[in-house]
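Each protein sequence line maps, in turn, to chains A and V. Each residue of the first sequence is one higher than the one before, starting from -6 at the first, in my numbering. Each residue of the second sequence is one higher than the one before, starting from -6 at the first, in my numbering. Report on the structure given below.
There are 2 protein chains.
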Amino acid sequence: MKITMEEVTTYLTQGQRFLITAHVNPDGDAIGSSLGLQAYLRRQGKTAEVFIDDDLPRNLSFMPGFSGIRRPDGADWKPDFLVVLDTDTNRIGEVPKCAPGAKILNIDHHISNDGKADYLYLAKRSATAEMLFEILESSGVDFPLEVAIPLYVGIATDTGFFRYSNTTPLTMRVGGRLLEVGIRPSDISELLELKPLTVVKGQAAALDTLELFANGRVAGLFLEKTFVDQMESTDSFIDLIRVIEGVEIAVLIKAVEERRCRVSIRSKGINVSDIAVRFGGGGHIRAAGCTLNMTLAEAKAALVPVLSEAVAKEP
Amino acid sequence: MKITMEEVTTYLTQGQRFLITAHVNPDGDAIGSSLGLQAYLRRQGKTAEVFIDDDLPRNLSFMPGFSGIRRPDGADWKPDFLVVLDTDTNRIGEVPKCAPGAKILNIDHHISNDGKADYLYLAKRSATAEMLFEILESSGVDFPLEVAIPLYVGIATDTGFFRYSNTTPLTMRVGGRLLEVGIRPSDISELLELKPLTVVKGQAAALDTLELFANGRVAGLFLEKTFVDQMESTDSFIDLIRVIEGVEIAVLIKAVEERRCRVSIRSKGINVSDIAVRFGGGGHIRAAGCTLNMTLAEAKAALVPVLSEAVAKEP
């Protein structure tokens, strides 16, 4: 059932015990929203735990409360509400087993949300953290740093520091309010940008695999499993090539098993979500991905012609 | 003589003919401020030209008005005001020769400004473009895109898209207002981030020169002249290494002549401006630079011990 922001506030006020979760493969908004809400609820004297059913990215560990995030343990935590953030209930792993009788309160900014939660507050916002800022602001609270930092991280990571097309005047206003509270953007950005030496050096090795197709309008990086296994993260590698002059679609294919590849696709406007969906994946118009049960060579042979065809259709 | 924002407005209203300039080695704020002010003055029915005594970065050429920027031609343009933006009068080349009788109106956010202009409006702001936004907003004008785009570019480049320590709540407010006018941040950021293929591939070659010193607290890239000559720009290369975990100072030394090296230094807090000054350069606490009349090997031998000593003094 869809609910309003005011109703969210009502449920947050009524409940005493909250279990908070967010999507697997968690990002800055998933974790930032969870920790920001947890810190807020605890200040209101309530019980609030964050369970996420996946590994957590190490570069987010500076956030207050991070070390308290747990995997679901299968026990019944008897919360009044299971709060599901930044996703619908399809991507939260085994967390529901810890809250069998609880009402599900879902706060999300993805239009693809399936709407199956007991209560869903869905809005077109840059980040779930932006929605939480509005909810907490409307309830008149101040923003101590343990609430402000996670919410700022959620917004900053989902908007690429106020650069992506989801950035709105509201996003800027919320960012400004969080600076007033004491956020130091340079400290946060430096922490978010930290990379292990192996990953920095790995960028050079990844660039050695760079190939251009379709008269330079498609660029690709193709990473062997032996290389990927040495990298803590390859998330930033596609940014190296999407900025090449003339490139309209950038693709990164990495082998995670002998016959299993993860694919990231970025575009300057061509709908790559459509393409990812055809390969069993999904995402946004300009940023999408899929997983292919193929070797690296097979995945490349399957995808590159489709991407080249997509740019050929554009003027 | 120091003047107030209101006095700037008065002079902009009184004058009819304006010659606008900014510092040599111009960046996004120098060019953005110049073009934003020019577009505003022209809409007020005034004559306004932009002269900059240097080459212009090609990645800023998307800004409206860019193609009209000229080098000073030595003729007397007889403006009422020579408007000097984002610097004092020491770094504007031969432009004053085109305005021998004009009053100099200086608008700048660098505290190092020498204060020698006839009229100086100096304020602690993220960018000169942020100061211009306030000036134009106070005069009640609307912001057509030919004013808004250059001002947004000035702020976005000087703050690294609202990430650097100079970003304030005011910066966020101004950014939000410019989005309301119709700025699309993703379009602007994509244009600003564009890199030629040679530069993208050059990142891999540059990373091959990576060396760490002082137990990994200092990282350096050392670029030979033959390599530098092939690169349209090496400005972004230092960002590759300043993000390495544990690195407190990053340095890039590039040979531009056989016995002449340009040096860029970045830190996470250690005052590298002091170090640059000792080598005849300058800058900000966390971002400074100098030019050394040495071979690449000599420059490296001169600088690395000083940087290692600087980090050794920190806990």
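Ideal Cβ placement from N, Cα and C applies to all residues, glycine included.
Buried or exposed by the 16-neighbour rule on C-beta atoms within 10 Å, applied to residue i
i	result
V/A92	buried
V/R63	exposed
V/N83	exposed
A/K339	What is shown of chain A runs -6 to 308, which leaves residue 339 of chain A out entirely.
V/I278	exposed
V/K109	exposed
V/R210	buried
V/S60	exposed
V/V167	buried
V/V146	buried
V/I183	A small correction: the amino acid at residue 183 of chain V is Glu; Ile does not occupy that position in the sequence shown. Per the 10 Å Cβ criterion, buried.
V/S131	exposed
V/P178	buried
A/P19	buried
V/D151	buried
V/M165	buried
A/N159	buried
V/K306	exposed
A/G195	buried
A/G274	buried
Top-ranked residue by Cα proximity to residue i, from the options
i	options	result
A/L125	A/S226, A/I104, A/N99 and A/S105	A/N99
A/K90	A/V77, A/D66 and A/D101	A/D66
A/C283	A/T121, A/P308 and A/V244	A/V244
A/A116	A/V221, A/L78, A/A95 and A/S132	A/L78
V/F206	V/Q37, V/P298 and V/S179	V/P298
A/A290	A/E251, A/F136, A/A68 and A/G262	A/E251
A/I128	A/L187, A/T150, A/E(-1) and A/S226	A/E(-1)
V/E217	V/A149, V/T288, V/L172 and V/G175	V/T288
A/D135	A/V236, A/A294 and A/E173	A/E173
V/Y157	A/E139, A/I176, A/R170 and A/T152	A/I176
V/G239	V/K(-5), V/D69 and V/N208	V/N208
A/A280	A/A269, A/I181 and A/V193	A/A269
V/V304	V/F215, V/A292 and V/I242	V/I242
V/F44	V/Q37, V/C254 and V/L30	V/L30
V/W70	V/R51, V/A41, V/S54 and V/N52	V/A41
V/T14	V/L28, V/Q7, V/T6 and V/L5	V/L28
A/K96	A/Q7, A/T219 and A/R35	A/Q7
V/F74	V/N52, V/P50 and V/K39	V/K39
A/Q37	A/V249, A/Y114, A/P137 and A/N159	A/P137
V/L296	V/P308, V/N159, V/T161 and V/C254	V/C254
A/L187	A/E302, A/A32, A/L53 and A/G195	A/L53
A/P143	A/L171, A/R35 and A/I(-4)	A/L171
V/D228	V/R51, V/R35, V/T(-3) and V/T3	V/R51
V/L5	V/I(-4), V/T(-3) and V/L34	V/L34
Residue i and residue j closer than 7 Å at C-beta
i	j	result
V/A141	V/D22	no
A/R118	A/H103	no
V/F11	V/P57	no
A/G276	A/S266	yes
V/D46	V/V88	yes
A/D48	A/D81	no
A/I234	A/S257	no
V/L200	A/A197	yes
A/G86	A/V17	yes
A/Y112	A/M224	no
V/F316	A/F55	It is not possible to answer for residue 316 of chain V, since the shown part of chain V is limited to -6 through 308.
A/K293	A/F220	no
V/G133	A/P162	no
A/L190	V/I263	no
A/E139	A/A32	yes
Residue i at chain D interface by Cβ criterion, 7 Å
i	result
V/L285	In summary, chain D is missing from the structure at hand, where the protein chains are A and V.
Whole-number beta carbon distance between residue j and residue i, since they are thought to touch under 8 Å
i	j	result
A/A122	A/S26	5 Å
A/V1	A/Y114	5 Å
Query raised in the report: Quick one, which residues of the stretch 207 to 238 of chain V are near chain A if we go by CB-CB under 7 Å, in chain order?
Result: L233, I234, V236, I237 and E238
Listed from N- to C-terminal order along the chain, which residues in the stretch 138 to 168 of chain V have their beta-carbon within a distance smaller than 7 Å of any beta-carbon of chain A? F154, F155, R156, Y157, S158, T160, T161, P162, M165, R166 and G168
Can you give me, in chain order, the residues of the stretch 250 to 277 of chain V that have a beta carbon less than 8 Å from any beta carbon in chain A?
K261
Check your understanding: Going along the chain, which residues of the stretch 187 to 201 of chain A sit with their C-beta nearer than 7 Å to a C-beta in chain V?
Key -> L187, K188, P189, L190, V193, K194, Q196, A197, L200 and D201
Residues, ordered as in the chain, of the stretch 108 to 123 of chain A that lie near chain V by beta-carbon distance below 8 Å = none
* Quick one, which residues of the stretch 39 to 55 of chain A are near chain V if we go by CB-CB under 7 Å, in chain order? -> none
With 7 Å as the C-beta to C-beta threshold (strictly closer), list the residues of the stretch 59 to 88 of chain A near chain V in chain order.
none
* Contact list for the stretch 173 to 184 of chain V against chain A, Cβ threshold 9 Å -> E173, R177, P178, S179, D180, I181, S182 and E183
Against chain V, which members of the stretch 17 to 40 of chain A pass a CB distance test of less than 7 Å? none
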